[in-house]
Structures are given as structure tokens and as C-alpha cells.
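Engineer:
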Amino acid sequence: MAGFLQQIIEGLGAGAIYASLALALVLIYQFTGIVNFAQGEMAMFSTYIAWQFVAGGMPFWLALVLTLAVSFAGGMLIERVLIRPVEGAHELTVVIVSVGLFIFVNAAAGWIWTFLIKDFPNPFPGGAIEAGGLTVGFSTLGILAVVGVVMGLLYLLFQHTKIGLGMRAVATNPESARLVGIRVGWTLALGWGLAATVGAVSGILVAPLLFLEPNMMGGVLIYAFAAATLGGFDSPAGAVAGGLIVGVAETLAGAYVGFIGSDLKIGVPLVIILGVLLVRPQGLFGRAAVERV
1 MAGFLQQIIE
11 GLGAGAIYAS
21 LALALVLIYQ
31 FTGIVNFAQG
41 EMAMFSTYIA
51 WQFVAGGMPF
61 WLALVLTLAV
71 SFAGGMLIER
81 VLIRPVEGAH
91 ELTVVIVSVG
101 LFIFVNAAAG
111 WIWTFLIKDF
121 PNPFPGGAIE
131 AGGLTVGFST
141 LGILAVVGVV
151 MGLLYLLFQH
161 TKIGLGMRAV
171 ATNPESARLV
181 GIRVGWTLAL
191 GWGLAATVGA
201 VSGILVAPLL
211 FLEPNMMGGV
221 LIYAFAAATL
231 GGFDSPAGAV
241 AGGLIVGVAE
251 TLAGAYVGFI
261 GSDLKIGVPL
271 VIILGVLLVR
281 PQGLFGRAAV
291 ERV
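Using full-length UniProt numbering, the letters of the sequence shown correspond one by one to residues 1 to 293.
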């Protein structure tokens with residue numbers, strides 16, 4: 001029993017990382033209806049910026065604050081320069097732009113920082129808490145705490161600020177929001193900036209567990225898509241819940257399903273995506289689209 005609970009704890013730690021990137025995917029989808037395939041690469045690029053600050057002698061937490069600020073500005077710039085010109089275009093056009101951004105950001109990171117693996121500092125102390133035969137690392141607790149704080153801040157933003165109220169209005173009905181004086185264009189840019197900031201948090205959490213290199217977020221993006229699909233692309237809380245569920249499912253499958261092991265765990269999120277799309281396309285917490293005919 002202790003071994004089973006240990007696997008769940010480890011799964012929650014991994015799931016929190018998937019949840020943070022899934023949350024960024026959901027934020028952009030809520031505001032623009034776009035599935036941003038470049039979200040993981042944007043997070044990776046932000047992580048390289050943080051690494052550059054730290055390598056230059058800056059304290060980690062100051063580097064984190066500056067990285068989040070740069071990521072926010074970068075997300076807004078991407079929306080204004082790349083996404084705004086294709087707003088209202090065919091869905092395939094937007095997908096192509098997103099995939100092109102994926103390729104460009106990946107190549108740019110390799111060109112600037114090379115494709116050599118780099119170490120990234122862990123912001124959390126080593127060691128663990130042991131109780132009842134279970135071991136909970138401080139890193140796992142720190143990751144869960146960070147994701148919890150991010151979710152709490154987003155809740156406060158959307159529920160208790162005028163900016164958040166305007167963003168919710170734009171996400172619900174941009175035309176009506178425009179009629180009551182909300183600057184929809186800038187609100188969409190804010191949404192992209194916010195999503196880029198949340199994604200940066202995901203990259204910074206991933207890098208100490210893996211190694212910093214331009215392709216590090218490829219696998220994480222698949223898990224994040226599974227989390228967003230499971231929780232619902234229109235539900236930020238669902239994205240977090242979906243990420244935790246996917247993390248636990250992946251860990252348990254790798255530990256207890258013999259033919260999966262550590263080599264085929266990447267298949268778990270793909271099975272989850274397929275299963276959700278077949279059974280409940282809107283996800284566990286999403287709302288089914290209803291159209292009047």
C-alpha cells in the first residue's frame with residue numbers, strides 16, 4: 001500500500017507541471033479559440049532567458065521575476081504581430097501560424113544558446129519529508145505549491161479585478177464586450193501575455209528535473225494537451241485537475257502495467273486524449289457547445 005501511495009505522490013508532482021502548461025493552453029483557447037501548438041516552445045525560450053539571467057550572476061528569484069515580465073511582454077508581442085493579422089481567418093491558417101511559431105522558436109533557441117544540454121538550478125532545497133513509509137521531496141511540495149499559487153492568483157484576477165472581469169467578458173462574447181467599451185484587441189493581447197507567463201512557470205519547473213535544451217518541452221506538451229482535453233479546454237480549473245489526473249495515471253501505468261514500463265509511458269496521454277474525444281469531447285469540466293438551428 002505504501003508503494004502505491006508513493007507512486008501517487010510522485011504522479012501528483014509530475015501532474016502539477018503538466019497542469020501549469022495545460023493552464024496556459026486553456027487561457028489562450030478561452031480568449032481566442034486558438035490551440036497554441038507553440039506553447040511549450042514559448043515556455044522553453046522563457047526558461048533559457050531565466051538561465052541566462054542566472055548564468056550572469058543574478059539571484060534566482062530576481063531572475064524569475066524578470067523572466068516572467070519578459071514572457072508577458074513577449075506573449076503580447078506575438079499576439080499583436082503574428083496572431084492579430086490572421087484573426088478571423090480559416091482555422092487551418094491559425095494552426096499553420098502556430099506550428100510555424102513552434103519551429104521558429106525552437107530553431108531560434110538552438111541558434112542563440114546551441115543544442116548542447118545545460119544544467120538549470122533547482123529553486124527548491126534538496127531532501128524530503130519521510131512519514132509512514134512515504135517520502136515526499138521538497139521539490140514535489142514546491143512544485144505543487146507554485147501551481148497552487150498560480151491558480152489562486154488567476155482566480156483572484158478573474159473574480160476580483162476589473163481587468164479580469166473584462167477578460168472574462170471578452171472570452172464569453174467579444175462583440176458584446178466591444179459594445180460596452182472594452183478594448184477587445186488589447187484584452188486578447190493581455191490574454192496571450194498571461195498565458196506566456198504561466199507557460200514560463202511550467203518551463204522553469206521542468207528544467208531542473210530534466211536538462212535545459214531546445215526540445216525539452218516536446219513530451220511535456222503532449223501531457224499538457226491530454227490534461228487540457230481531459231479537464232476541458234474552457235475550464236482553467238479543469239486543466240489543473242486534468243494535469244494531476246494525467247500525472248497520476250502515467251506514473252501508475254508505468255509502475256504497474258508491465259508492458260508499458262518507463263518506455264511506453266508517453267502512450268498514456270495519447271490514450272487519454274483519444275478516450276476523452278470519443279466519450280466526452282468537452283472534457284470532465286467543460287461545457288458542451290450548443291448551437292441554435
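Every residue gets a Cβ at the ideal spot worked out from N, C-alpha and C, and that includes glycine.
Hey, how far is the Cα of V246 from the Cα of F45?
Structural biologist: Start at 1 with the first residue of the sequence shown, and residue 246 comes out as number 246. Start at 1 with the first residue of the sequence shown, and residue 45 comes out as number 45. C-alpha separation (whole angstroms): 25 Å.
Engineer: Measure the CB-CB distance between L221 and I272 and report whether it falls below 7 Å.
Structural biologist: Reading the sequence shown from its first residue, position 221 is the one you call residue 221. Reading the sequence shown from its first residue, position 272 is the one you call residue 272. Going by C-beta atoms, L221 is not nearer than 7 Å to I272.
Engineer: Rounded to whole angstroms, what's the CA-CA distance from V293 to T172? Just pull it up for me.
Structural biologist: Along the sequence shown, read from residue 1 onward, the residue named residue 293 stands at position 293. Along the sequence shown, read from residue 1 onward, the residue named residue 172 stands at position 172. At V293, the pLDDT of 47 sits below 50, so the modelled position is not reliable; the number obtained from the coordinates is stated separately. Cα to Cα, the separation comes out at about 20 Å.
Engineer: Could you check whether F60 and I121 sit closer than 7 Å to each other, using their CB atoms as the reference points?
Structural biologist: Residue numbering aside, residue 121 sits at position 121 when the sequence shown is read from its first letter. Residue numbering aside, residue 60 sits at position 60 when the sequence shown is read from its first letter. According to the sequence as given, residue 121 is Pro; it is not Ile. Contact: yes.
Engineer: Taking the beta carbon of P269 as the centre, do at least 16 other beta carbons fall within 10 Å, making it buried, or is it exposed?
Structural biologist: For the purposes of this step, residue 269 is taken as residue 269 along the sequence shown, with counting starting at 1. It counts as buried.
Engineer: Put T161 into one of helix, strand or coil per three-state DSSP.
Structural biologist: Here residue 161 refers to the residue found at position 161 when the sequence shown is read from its first residue. DSSP places T161 in coil when its eight states are reduced to three.
Engineer: Here's the rule I'm using: 16 or more other beta-carbon atoms within 10 Å means buried, otherwise exposed. How should D234 be labelled?
Structural biologist: Working through the sequence shown from its first residue, we reach residue 234 at position 234. So D234 ends up on the buried side.
Engineer: Given F37, which residues of its chain have a CB within under 6 Å of its CB, disregarding the five upstream and five downstream residues?
Structural biologist: Counting from one through the sequence shown, the residue named residue 37 turns up at place 37. These residues qualify, in order along the chain: S98, V99 and F102.
Engineer: Apart from the five residues on each side of it in sequence, which residues of its chain come closer than 6 Å, Cβ to Cβ, to A241?
Structural biologist: Position 241 of the sequence shown holds residue 241. Contacts found: G231.
Engineer: Please list, in chain order, all residues of the same chain as T140 whose beta carbon is under 6 Å from its beta carbon, the five residues on each side excluded.
Structural biologist: Start at 1 with the first residue of the sequence shown, and residue 140 comes out as number 140. Here the set comprises G13.
Engineer: Is the beta carbon of V170 less than 7 Å from the beta carbon of V184?
Structural biologist: Residue mapping note: residue 170 aligns to position 170 of the sequence shown, counting from 1. Residue mapping note: residue 184 aligns to position 184 of the sequence shown, counting from 1. Closer than 7 Å, so yes.
Engineer: Among residues of its own chain, excluding the 5 on either side of E41, which ones have a beta-carbon nearer than 7 Å to its beta-carbon?
Structural biologist: Locating residue 41 in the sequence shown gives position 41, where the first residue counts as 1. So the qualifying residues of the chain are F102, V105, N106 and M217.
Engineer: For the ligand HEM, I want to know if D234 counts as a neighbour, meaning its beta carbon is within less than 6 Å of at least one of the ligand's heavy atoms.
Structural biologist: Here there are no bound small molecules, and the ligand HEM is not part of this structure.
Engineer: How would you call S176, buried or exposed, if buried means at least 16 neighbouring beta carbons within 10 angstroms?
Structural biologist: Counted from its first residue, the sequence shown places residue 176 at position 176. Label assigned to S176: exposed.
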